[in-house]
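Numbering follows this note's numbering, with no gaps: position 43 of the sequence shown is 150. Idealized CB from N, CA, C, for every residue including glycine. This one's a predicted model, so the numbers in the text were calculated from it and none came from an experiment. Take a look at the structure below.
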Amino acid sequence: MSATETRALIARYYEAFNAGSIEGMLALLDEDVAHDRNQGERKIGRETFKDFSIHMKRCYREHLTDLVIMVSEDGSHAAAEFTVNGTYLETDEGLPPASGQTYVLPAGTFFQIEDDKIVRVTTCYNLNDWIAQVSR
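What follows is the structure, given as structure tokens:
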């Protein structure tokens, strides 16, 4: 994949995210996608990514802004930096109680691309910052 094609692929991924389209995101992932969740273990497979996404949609309403996509020259890797604008809807296990708190959080994701599909998604953000925001 060229760098231009990879940039378009990642842009489509975030368009699907902002539209709340789990199916749209899944369509861009390899069947055996590796998903490195912030503060969590690596999960493998499109089905586990789907389950995670359904859980996240139940607990959080998020919209990403300030998106910047960076791509390696050969198109095999990409990174995105963005701002998460969210509302905490339902208490997530092991986290503070939810009561509709809002938060704004800088975050980033690293991607690996093979055969026109995303094969790795690694998301990073400051969990302590998020906890402080929703605990006010």
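Unbroken beta strand (DSSP E) runs of no fewer than 3 residues, entirely contained in the region 141-218, are found at 149-151, 167-178 and 184-195, following chain order.
In this structure the region 134-148 does not touch the region 166-180; the number of beta carbon pairs closer than 8 Å is below three. Exposed is the label assigned to Leu234, since fewer than 16 other Cβ atoms lie within 10 Å of its Cβ. Secondary structure of Asp236 (DSSP, three-state): helix. Among the bridge pairs identified by DSSP, Val228 is matched with His142 and Phe218. Bridge pairing for Leu136: Ile225 [DSSP].
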